[in-house]
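Just so we're aligned, residue 1 is where the sequence shown starts under full-length UniProt numbering, counting upward by one. Here a beta-carbon is modelled for each residue, glycine too, at the ideal position from N, C-alpha and C. What follows is a set of notes on a single structure, which appears directly below.
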Amino acid sequence: MAAFLIRRLLHSVFVVLAITLVIFVLVRMTGDPVSIMFQAGEPTKEAITELRKNLGLDEPVHVQFGLYLKDMFTGNFGTSFRTGESVIDMMKEKMGATLLLAFGGMFVALLIAIPVGIISAVYRGSVADFFGRIFSLLGISFPNFWLGIMLIIIFAVKLGWFPASGYEGLEYLVLPSVALGLILSGILARLVRSSMLEVMNQQYINTARSKGIKEWLVIIKHGLRNALIPTVTFIGLQFGTLLGGTVIIEQVFSWPGIGRMLIDAISQRDFPVIQGSVIILSFLMIFVNLLVDISYGFIDPRIRQGGGKSE
């Protein structure tokens, strides 16, 4: 098990370094941030040179990358070119709102996907199964930003039931959570349905029925509990997708999270904020995937020996 953990940790460190290098290079291909910072006036060459020196942009790119890596491993992700604030402090301020939205989206997804998946599996081939599969297909097909705009038009502008943007209370969480969760619910409903179909054909289900246990109890206690094992694993792997999805949804709903901060930073070429936001979000995704991989190692010894599927 120790060798398995070391192998996974080294793999994660390599992925982090690769992501950092790619982000660092791509960000610098977007243009010179100094040109945007002086766009309101006509600065002298001396002023531009001085500003580039102060921002550390006068060094060769490989030197900048080396210095960034050195600071990153001490927990320093730099300061914003625009505000002078620490990137870590900015992330701490916005992270709560982003995680709240991600968990809200996951709650909506589970609230819809589990009953739809169960009903589709239990009543396989029925009208309910047909509509359940149509719902799953629609959920996969629609882009979440389009769904977010439709929700704003219908439930905020036309009906006035929920606020359209910002965050001043839980009612502001409803529409962005639905926009984020509906897409994921389509995928989850398909997974729950297929898992339930497999489980409900097992011998222990027939044994439970033969003992006279009520059908709904067989479905919930013996069927759903076992069918949720692959679903829970999938949810862990989808955490990164949810965080990525919040970037767009936060912009649509003016949600005060990391995604909106990241979009603003991109438009202003605020290199430290872009790099820090993407790298820290990547850390979270890699950490969750690492936990899932480690849990596989505990569940299935073949994975620890290098012969499992995740290898």
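- Under the criterion of beta carbons closer than 8 Å, residue 147 and residue 189 do not qualify as touching, at roughly 16 Å.
- CA-CA distance, residue 49 to residue 34, rounds to 9 Å.
- By the neighbour-count definition (other C-beta atoms within 10 Å, threshold 16), residue 274 is a buried residue.
- As a beta-bridge residue in DSSP terms, residue 79 pairs with 86.
- Secondary structure of residue 179 (DSSP, three-state): helix.
- Pairing residue 253 with residue 175 gives a Cβ-Cβ distance under 8 Å.
- Where residue 54 is concerned, the enclosing alpha helix (DSSP H) starts and stops at 45-55.
- Counting only residues of its own chain and dropping the five nearest sequence neighbours on each side, residue 103 has no CB closer than 6 Å to any other CB.
- Only residues of its own chain outside the window of five on either side were considered, and among them 102, 105, 106, 180 and 184 have a CB closer than 8 Å to the CB of residue 242, listed in chain order.
- A contact between stretches requires three or more CB pairs, one per stretch, nearer than 8 Å, and the segment 64-76 fails this requirement with the segment 199-211.
- Following the DSSP letters along the chain, one finds residue 221 in no alpha helix (DSSP H), marked with neither H nor E.
- Distance between residue 212 and residue 197, taken at the CA atoms: about 21 Å.
- Within a 10 Å sphere around the beta-carbon of residue 269 sit 16 or more other beta-carbons, which makes this residue buried.
- The beta-carbon distance between residue 234 and residue 285, rounded to whole angstroms, is 15 Å. This is too long to meet the 8 Å contact definition.
- About 7 Å separates the beta carbons of residue 139 and residue 187, which is inside the 8 Å limit, making them a contact pair.
- Here residue 271 is buried. Its C-beta has 16 or more other C-beta atoms within 10 Å.
- In the DSSP assignment, residue 12 falls within the unbroken alpha helix (DSSP H) covering 2-28.
- Exclusion of the five residues before and after residue 280 leaves 91 as the residues of its chain whose Cβ lies within less than 6 Å of its Cβ.
- A buried status is given to residue 250, since no fewer than 16 other beta-carbon atoms sit within 10 Å of its beta-carbon.
- Excluding five sequence positions before and after residue 55, the CB atoms of its chain that fall closer than 7 Å to its own CB belong to 81, given in chain order.
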